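Shown next, in structure tokens, is the structure this report addresses.
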Amino acid sequence: SQILSNSDLKKMVDTSDEWIEKRTGIKERRIASAEEATSDLGVKAALIAIERAGIDAKEIDLIICATLSPDHLCMPSTACVIAGKLGINDVMAFDISAACSGFVYMLSMAKAYIESGMKKNILLIGAEKISSVVDYTDRGTCILFGDGAGAAIIGATEDKNEAILDIHASADGRYGDLLITPGCGSKFPCSQETLDNKLNFIKMQGNDVYKIAVKTLTNDVIDILEKNNLESSQIDHFIPHQANFRIIEAVRAKLNFPIEKTVLTVAKYGNTSAASIPMAMNDAYEEGRIKRGDLMLLDTFGGGFTWASALVRFGGK
Ligand code: COA
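According to my numbering, the residues represented by the sequence shown are 4 to 320, in order.
Below you can see the structure in the form of structure tokens.
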């Protein structure tokens, strides 16, 4: 509900509107209220997805939530909390942890569940109250992130115009320390010392992350296009993770995606981690840009490091 602008951040840390916009393309981000948890944002997105899919919530037989800012550290999972709030009381529900790549990671799980016939209607939610793990005295990170949620229903279909064509998801744990919330897990359990050292907040080596992100996001797209015998000109919508306009621009230019076909929301929401891709997809849909059967290329990268890309035909009604 609240908008945190670059001018607001200027009052909190030593930065400027110009610096943030030039280095990241971000103008503002949304911040949830103190009363709202990640699940509340997820429920709002889920209700819209359920309505647009035209199904009854009771038809949902799997709920997965991707988040790095769950309502509770250990349990219950945010997916379970969301299920309870939606009144779906007998359903498989769990969270996944893949940072900003979470939405595409769980899309690959949904594809496998649907194609194996194990599930029929899957609710995927990428939701983050990332402001709860951001240190608003660290100018290297607090300018980047924002809260938000996006959701999708993935259902069984015989229609090739609704197919999830291919997904590539991977990780390289060697880079884990470059983007990390070090504390309040089993390694450094929550204690006064952990909190005093701010280990419960996101720590990032921005410059290193930047370079690896550009390389990985680019290579991932080259791989998935080659594997599917597609040219970038055949993609209707390039929907990259909204971390930094400069990262998106470097990848877009290298791969020859026209700017008109690239979905950009980073200026108004910042980096919303697992919610970034479904929120971008939603904005493009609400602007009337995405139509049924359009070929979307999703491309994401995040802490872990994790990364993933997907070729998806939009099957929305
Ligand atoms: N305002 C003003 N100055 C800032 C600043 C801020 N918010 N943050 C850092 N600086 C300063 C640095 O202290 C440094 O100053 P110095 O030269 O005096 O030492 C200078 O700006 C350059 O810092 P650097 O870190 O090299 O800047 P950058 O061009 O790499 O931009 C990021 C910083 C964070 C915007 C950029 O590295 C980035 O976007 N990285 C990727 C982050 C990301 O996407 N993470 C999530 C991945 S899913």
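Every residue, glycine too, gets a C-beta built ideally from N, C-alpha and C.
From a predicted model like this one, the values you see are computed outputs, not experimental measurements.
Quick check on DSSP: helix, strand or coil for residue i?
i, result
"Q5", "strand"
"R26", "helix"
"F241", "strand"
"C83", "helix"
"K163", "helix"
"A216", "helix"
"L12", "helix"
Within the present structure, is the beta-carbon of residue i separated from the nearest heavy atom of ligand 1 by less than 6 Å?
i, result
"G143", "yes"
"W310", "no"
"R316", "no"
"N247", "yes"
"T18", "yes"
"C103", "yes"
"R32", "no"
"T27", "yes"
"I117", "no"
Just to confirm the assignment, what range does the alpha helix (DSSP H) spanning residue i have?
i, result
"L50", "T41 to A56"
"P281", "S279 to E289"
"F106", "G105 to E118"
"L198", "Q195 to D199"
"A270", "V269 to Y272"
Taking the continuous beta strand (DSSP E) assigned at residue i, which residues delimit it?
i, result
"E252", "That residue, E252, is in no beta strand (DSSP E); its alpha helix (DSSP H) goes F248 to L258."
"F304", "L298 to G305"
"V315", "T309 to R316"
"A60", "Run containing A60: none; DSSP gives neither H nor E here."
Going by the DSSP bridge assignment, what does residue i pair with across the sheet?
i, result
"E229", "E229 pairs with nothing; no bridge assigned."
"S173", "W310"
"N210", "The partner list for N210 (beta bridge, DSSP) is empty, contrary to what the question assumes."
"A96", "I66"
"E3", "A query on residue 3 cannot be resolved here, the shown segment of the chain reaching from 4 to 320 and no further."
"T265", "F241"
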